[in-house]
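> Take 1 as the starting number for the sequence shown in UniProt numbering and just add one per residue.
Just so you know, even glycine gets a beta-carbon here, dropped at the ideal spot from N, CA and C.
This structure is a prediction, so every number in the text was calculated from the model and none was measured.
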Amino acid sequence: MCGILLLSRLECGVMKLSMIQNLAIWGDSLLKGIIFDEKTSRYKPLKTCSVNLFSKEFPFTVKNNSRFGCTAPKALENLQASLNNGLQAEVALLEFGGNDCDYNWSEISRNPEAHHEPHTPFQTFCSTMEKMADLLLSHSIKPVFMNLPPIDGERYYRWISSLKDTNPKAILKWLGGQTDTIYRQQERYSRAMERVAYQKKLPLIDVRDEFLAIHNYRDYLCLDGIHLNEQGQKVMANIFQSYAMNYA
């Protein structure tokens, strides 16, 4: 990590692996290990996803609470309920933004001239992540943030344009004629995860930089341009393992 992401282990308060017995994970389809199966044209959970591969390498118990389509506000509700029910964990990995930054493309197709908010408005997203971090800390659970792998805006545009009740021309008009707008929107939410972690002096797993270092990271994305494929999940598992070994 570089720039504002560079925090010392002391500043972040990172605990040694030997001190961790239980790791709780809160995220969306990325950490749930959902991929798009081109043979069946359906989304499905991958048995060899990053979390499953990672959990086999370390002795602590991993509880994956990630859900397909989950946004930060919904996760905050789920986290509060879990804590009320006696969640036991020393560390919690948080990953959100992918669904939060997305839009209702059917509504945009119907009215491309109007203003449209993402599923979770940006400031709401930032404040929600802050609340999640504070809530975990208040229960003596160490939050670890991660940013998002980059997406392929053009591929995702083609994907949403093929869906029912969408109009490709209307969507492109609303995007200002540039599919790169989709990439930049997702990047903004990813950077928000970085900023909240930095401001609260929390550890951050810089997944995004590792993927951007790959010559063609798009080869590790599914047909929809946003989900990691099986090879992408393996790359992310290696990132997690490398990060964890630094604190062994």
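Only counting the same chain, and skipping five residues up and downstream in sequence, which positions put a Cβ closer than 6 Å to that of I239?
Position 239 of the sequence shown holds residue 239. For I239, where only same-chain residues beyond five positions count, the Cβ hits under 6 Å are V207 and E210.
> Whether or not the region 47 to 63 and the region 225 to 236 are in contact is what I'm after, with contact meaning three or more pairs of Cβ atoms, one per stretch, closer than 8 Å; do they touch?
Because the criterion of three Cβ pairs below 8 Å is met, the region 225 to 236 and the region 47 to 63 touch.
> Alpha carbon to alpha carbon, how far is I226 from N104? Give it in angstroms, no decimals.
To locate residue 104, count along the sequence shown from 1; it is residue 104. To locate residue 226, count along the sequence shown from 1; it is residue 226. Rounded to whole angstroms, N104 to I226 spans 16 Å at the Cα level.
> In whole angstroms, give me the CA-to-CA distance for D224 and K164.
The sequence position of residue 224 within the sequence shown is 224, counting from 1. The sequence position of residue 164 within the sequence shown is 164, counting from 1. Cα to Cα, the separation comes out at about 15 Å.
> Under 8 Å, with one C-beta from each stretch per pair, do the region 63 to 79 and the region 25 to 38 reach the 3-pair mark?
Judged by Cβ distances under 8 Å, the region 63 to 79 makes contact with the region 25 to 38, as three or more pairs qualify.
> Counting Cβ pairs, one atom from each stretch, are 3 or more of them under 8 Å apart for the region 53 to 61 and the region 108 to 123?
The answer is no - the region 108 to 123 does not touch the region 53 to 61, with fewer than three Cβ pairs under 8 Å.
> Suppose the cutoff is 8 Å on Cβ atoms and the five residues either side in sequence are ignored; what does the same chain contact list for N246 look like?
Position 246 of the sequence shown, counted from the first residue, corresponds to residue 246. Correct list: empty, nothing qualifies.
> Relative to the alpha-carbon of A92, which residue among N84, C101, L79 and N85 has its alpha-carbon at the smallest distance?
Taking the sequence shown and counting its residues from 1, the one referred to as residue 92 is at position 92. Nearest option by C-alpha distance: L79.
> So, with DSSP's three-state summary, where would you put R42?
Reading the sequence shown from its first residue, position 42 is the one you call residue 42. Three-state DSSP puts R42 in a strand.
> Flag N216 as yes if its beta-carbon sits less than 8 Å from any beta-carbon of chain D, otherwise no.
In the structure shown, chain D does not exist; there is a single protein chain.
> Going by the CB atoms, is the gap between I160 and Q186 shorter than 8 Å?
For the purposes of this step, residue 186 is identified with residue 186 of the sequence shown, where counting begins at 1. For the purposes of this step, residue 160 is identified with residue 160 of the sequence shown, where counting begins at 1. Against a cut-off of 8 Å, the Cβ pair of I160 and Q186 comes out as no contact.
> Is it buried or exposed for M132, if we count other Cβ within 10 angstroms and need 16 for buried?
If you number the sequence shown from 1, residue 132 lands on position 132. Buried is the call here.
> Tell me the residue span of the alpha helix (DSSP H) that contains K56.
Position 56 of the sequence shown, counted from the first residue, corresponds to residue 56. That residue, K56, is in no alpha helix (DSSP H); it is neither H nor E in DSSP.
> Can you tell which of L137, S140 and M129 has the C-alpha that lies nearest to the C-alpha of S190?
The residue labelled residue 190 in the question sits at position 190 within the sequence shown. Of the listed residues, the one whose Cα sits closest to S190 is M129.
> For K169, name the three-state secondary structure that DSSP assigns.
Locating residue 169 in the sequence shown gives position 169, where the first residue counts as 1. Correct three-state label for K169: helix.
> DSSP three-state call for D152: helix, strand or coil?
Here the question's residue 152 lines up with position 152 in the sequence shown. If DSSP states are grouped into helix, strand and coil, D152 belongs with coil.
> Could you pull the start and end residues of the alpha helix (DSSP H) that D134 belongs to?
Position 134 of the sequence shown, counted from the start, is the residue given in the question as residue 134. Residues F122 to S138.
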